[in-house]
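Down below is the structure, laid out as structure tokens.
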Amino acid sequence: MRVNNSGNLSVEYFISYFQLVMNTQTMKAHEAKELIFKRFFNYDPLLRGKTTYSNFEKSYLAFTQ
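Dropping the structure here:
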């Protein structure tokens, strides 16, 4: 999935991406979190901005509750 650096990614975007990764890769939420963190942020939470990273964390919490 191609991502532009021009805007903040929403919680809904990450929830959809979590679902996609978990379904296609047959992963649990914590495994998907690691994969997405590597792909989107290259292990740097500030790479795409604080808001996008915060939305990523919020979307992960949606799967753990």
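Note that the working numbering gives residue 34 to position 17 of the sequence shown, counting from 1, and the numbers run on in steps of one. Built from N, CA and C at the ideal position, the CB exists for glycine as well. None of these values were measured; they are calculated from a predicted model.
Around the beta carbon of R56, fewer than 16 other beta carbons sit within 10 angstroms, so the residue counts as exposed. K55 carries a helical assignment under DSSP once its states are collapsed to helix, strand and coil. By the neighbour-count definition (other C-beta atoms within 10 Å, threshold 16), K75 is an exposed residue. In this structure, the alpha-carbon of N72 lies about 23 Å from that of T43. In the three-state reduction of the DSSP assignment, L78 falls in the helix class.
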